[in-house]
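A.B. asks:
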Amino acid sequence: MKTLSLLLALSTTLTFAQTRNVTTLQVPGAGQPCRIDPGGVSVLPSGRFVTPAGQTVRITRGAFGLKLSPDGRKAVVLHNGVVTVLDAQNPENALRLPSYDETIPAVVKDASFLGVAIAPDSRTAYLSGGDKGTVVRIDLETGRKTGEIRLDTLGFGDSFTSDLILDAAGTELLVLDRANFRLVRVDLKTERVTASVRVGRIPFGIALSPDGRYAFVANVGQYAYPLVPGVTPQNGDSLMLLFPPYGVPSREAEGGVTVNGRKIPGLGKPNVPEAMSVWTVDLTTNQVVDRFKTGHQVGEFIEGAEIVGGSSPNSIAVGSRYAFVSNATNDLISVIDWKAHRLLADIKLKIHPKLDRYRGLFPFGLTLSRDEKTLYVALLGFNAVAVVDVPTRRVRGLIPTGWGTTRVVLSPDRDGGPEKTLYVTSARGYGAGPNGGRG
Numbered sequence: 002m003k004t005l006s007l008l009l010a011l012s013t014t015l016t017f018a019q020t021r022n023v024t025t026l027q028v029p030g031a032g033q034p035c036r037i038d039p040g041g042v043s044v045l046p047s048g049r050f051v052t053p054a055g056q057t058v059r060i061t062r063g064a065f066g067l068k069l070s071p072d073g074r075k076a077v078v079l080h081n082g083v084v085t086v087l088d089a090q091n092p093e094n095a096l097r098l099p100s101y102d103e104t105i106p107a108v109v110k111d112a113s114f115l116g117v118a119i120a121p122d123s124r125t126a127y128l129s130g131g132d133k134g135t136v137v138r139i140d141l142e143t144g145r146k147t148g149e150i151r152l153d154t155l156g157f158g159d160s161f162t163s164d165l166i167l168d169a170a171g172t173e174l175l176v177l178d179r180a181n182f183r184l185v186r187v188d189l190k191t192e193r194v195t196a197s198v199r200v201g202r203i204p205f206g207i208a209l210s211p212d213g214r215y216a217f218v219a220n221v222g223q224y225a226y227p228l229v230p231g232v233t234p235q236n237g238d239s240l241m242l243l244f245p246p247y248g249v250p251s252r253e254a255e256g257g258v259t260v261n262g263r264k265i266p267g268l269g270k271p272n273v274p275e276a277m278s279v280w281t282v283d284l285t286t287n288q289v290v291d292r293f294k295t296g297h298q299v300g301e302f303i304e305g306a307e308i309v310g311g312s313s314p315n316s317i318a319v320g321s322r323y324a325f326v327s328n329a330t331n332d333l334i335s336v337i338d339w340k341a342h343r344l345l346a347d348i349k350l351k352i353h354p355k356l357d358r359y360r361g362l363f364p365f366g367l368t369l370s371r372d373e374k375t376l377y378v379a380l381l382g383f384n385a386v387a388v389v390d391v392p393t394r395r396v397r398g399l400i401p402t403g404w405g406t407t408r409v410v411l412s413p414d415r416d417g418g419p420e421k422t423l424y425v426t427s428a429r430g431y432g433a434g435p436n437g438g439r440g
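Note that the working numbering has the sequence shown beginning at 2, numbered continuously upward.
#1: Could you tell me the distance, in whole angstroms, from the CA atom of A318 to the CA atom of G311?
#2: Please report how far the alpha carbon of T426 lies from the alpha carbon of L87, in whole angstroms.
#3: Quick one: Cα of A306 to Cα of G300, how far?
#4: Which partner residues of K75 appear in the DSSP bridge assignment?
#5: What three-state label does DSSP hand L240 in the structure shown?
#6: Determine the direct distance from the alpha carbon of T24 to that of A10, and round the result to whole angstroms.
#7: Within the chosen definition, does the segment 343–351 reach the segment 226–242 through at least 3 CB pairs nearer than 8 Å?
#8: Cβ atoms of G73 and R49: under 8 Å apart, would you say?
#9: Are the beta-carbon atoms belonging to P92 and V51 less than 8 Å from one another?
#10: Taking the straight line between their C-alpha atoms, what separation do you get for R397 and D414?
#11: Could you check what DSSP says for G256 in three-state terms: helix, strand or coil?
#12: So, do the segment 234–248 and the segment 192–203 have three or more beta carbon pairs nearer to each other than 8 Å?
#13: Is L268 buried or exposed, if buried means 16 or more other CB atoms sit within 10 Å of its CB?
#14: Under a Cβ-count criterion, where at least 16 other Cβ atoms within 10 Å of its own Cβ denotes burial, should T191 be classed as buried or exposed?
#15: Check whether the segment 258–272 and the segment 162–172 are in contact - that is, three or more C-beta pairs closer than 8 Å.
#16: Report the CB separation of G144 from T162 in whole angstroms; it is logged as a contact under 8 Å.
#17: Relative to the C-alpha of S43, which candidate in R408, D390 and G403 has its C-alpha closest?
#18: So, with DSSP's three-state summary, where would you put K270?
#19: Using the Cβ count rule (16 or more neighbours within 10 Å means buried), how would you classify K68?
#20: Helix or strand or just coil, what does DSSP make of L11?
#21: Compute the Euclidean distance between the alpha carbons of Y215 and S370, then round it to the nearest angstrom.
#22: Excluding sequence positions up to five away, which residues of its chain have a Cβ less than 8 Å from the Cβ of V389?
#23: The beta strand (DSSP E) with W404 in it runs from where to where?
#24: From A341 to L362, what distance separates their C-alpha atoms?
#25: With 8 Å set as the bound, which would you pick, yes or no: does the beta-carbon of P53 sit closer than that to a beta-carbon of chain E?
#26: With the cut-off set at 8 Å, would you say V218 and P204 are in Cβ contact?
#27: Out of curiosity, what's the CA-to-CA distance linking V136 and W339?
#28: For G293 versus S278, is the C-beta spacing smaller than 8 Å?
#29: Near R21, which residues of its chain fall below 7 Å by C-beta distance, leaving aside the five closest residues on each side in sequence?
#30: Have a look at T104, E420 and G63 and flag the residue whose alpha-carbon is nearest the alpha-carbon of R408.
#31: Please work out which residues of its chain come closer than 6 Å, Cβ to Cβ, to L99, disregarding the five sequence neighbours upstream and downstream, and give them in chain order.
#32: Apart from the five residues on each side of it in sequence, which residues of its chain come closer than 6 Å, Cβ to Cβ, to F65?
#33: Please state whether DSSP places D132 in a helix, a strand or coil.
#34: I believe P271 touches G296 by the beta-carbon criterion, under 8 Å. Please report the beta-carbon distance rounded to the nearest angstrom.
#35: Applying the 10 Å Cβ sphere with the 16-neighbour rule, what's the burial state of V28?
#36: Residues in the same chain with beta-carbon distance under 6 Å from L266, minus the five sequence neighbours each way, listed in chain order, please.
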């Protein structure tokens, strides 16, 4: 009887399993080869389709910096070692610096990164020099480099220029030095550094309040990695550790360990105020007045899963009262009431009920409409721009873009009406076709 009962139970279970409906999700291009088809549907290596909305202009890969000139006639895009200048009326006639035939020289070298600002004259542009620790000044009419500002002053060295922004008058440049964890103020009349303000770890994005009094800095770093005592550039190769000294997270990672008689410093706690945060700097005093921990923190549990990587706040858009912060690894936007000096709410970027339990939208650049009712968010991991209704804090829809959406800005409208054009950059465009081998 026991054997018969067991067989009946197994039979019932198997029958139920065979008739149960299971919903599966897969990319639309599964099984299709990669292809680039600007006039139709491009297929990425992942099997996703790319069909960008609007007019598309193909430029150099890795477009991580974007700015429109105040007169709305030019768009400047910063890549790694390359600058693209586009005419808003004829964007297909893009000027590449350097030109492919090298008749027009480069204005930035190697690891140029992220930051673009354009003066009120709509002719002078300032670009972050990345690991050179500089700000490069160029003439947008001639495409030539006209100057350079070095950040390695006031006792600092090995600077790495990240994001930057001009004040409304165009007389001062605010620059982030991600290597030295600081905000640098530059007087453009003399092109000299006038102040250096300590901020959080790896400052990445910067924005100003409309009145110009406050600078908001998004810090993406988690740890300030210490040097191992006694190690120098000269003896580093001989003092290498054969294995990592500790795992993360762990008590050893926080406090340090001793390995083969050598004291290896710890990394400290992951959720200190300097880590993955947004800081507010009062520019009238050069003092930090707010430190916000946006998004979900390491160790929190969300929907049964533990947060292990932090929130990665990276970009900021500021309105008359609220600042909006994209938290890349949380798929949400934090809302800060900067006038009340408090963290107000989170906007969860929800796309579809069948997808929302997964992660990977990776919100990056964002911009706020003039009436402050709509927020546009570049979704680096979803190849789209999310259109967020600010009053309801809900995603109203998606705009399809190229692969790896990075930045989004609205065109300035000279008559004060609503903006009519949205400019979007993507890191990889239409993707990459099959490797044809040597040819």
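Idealized CB from N, CA, C, for every residue including glycine.
All values derive from a computational prediction rather than experimental measurement.
C.D. replies: Per the coordinate set shown:
#1: 21 Å
#2: Just so you know, the alpha carbons of T426 and L87 end up roughly 12 Å apart.
#3: Cα-Cα distance, rounded: 10 Å.
#4: D88
#5: If DSSP states are grouped into helix, strand and coil, L240 belongs with the helices.
#6: At A10, the pLDDT of 45 sits below 50, so the modelled position is not reliable and the matter cannot be decided from this model.
#7: no
#8: no
#9: no
#10: 23 Å
#11: helix
#12: no
#13: buried
#14: In this structure T191 is exposed. Its beta-carbon is surrounded by fewer than 16 other beta-carbon atoms within 10 angstroms.
#15: no
#16: So it is not a contact: roughly 21 Å between Cβ atoms.
#17: G403
#18: coil
#19: buried
#20: For L11, the pLDDT reaches just 39, beneath the cut-off of 50, and the residue's location in the model is therefore unreliable, although a value from the coordinates is still provided. Three-state result, L11: helix.
#21: 20 Å
#22: If the five residues before and after V389 are omitted, its C-beta is found closer than 8 Å to the C-beta atoms of I334, I348, L350, T375, L376, Y377, V378, R395, V396 and R397, all from its own chain and listed in chain order.
#23: Start and end: W404 to L411.
#24: 30 Å
#25: Annotation note: the requested chain E is absent from the structure, which comprises a single protein chain.
#26: yes
#27: 29 Å
#28: Per the sequence presented here, residue 293 reads as Phe, with Gly not at that position. Contact: yes.
#29: none
#30: G63
#31: Per the sequence shown, residue 99 should be read as Pro rather than Leu. Correct list, in chain order: I105, P106 and A107.
#32: Shown here for F65: same chain residues with a beta carbon closer than 6 Å to its own, the five before and five after excluded, namely L115 and T407 in chain order.
#33: If DSSP states are grouped into helix, strand and coil, D132 belongs with the helices.
#34: Rounded to the nearest angstrom, the Cβ distance from P271 to G296 is 13 Å, too far for a contact under 8 Å.
#35: exposed
#36: The sequence shown places Pro at residue 266, not Leu. P227 and G257, listed in sequence order.
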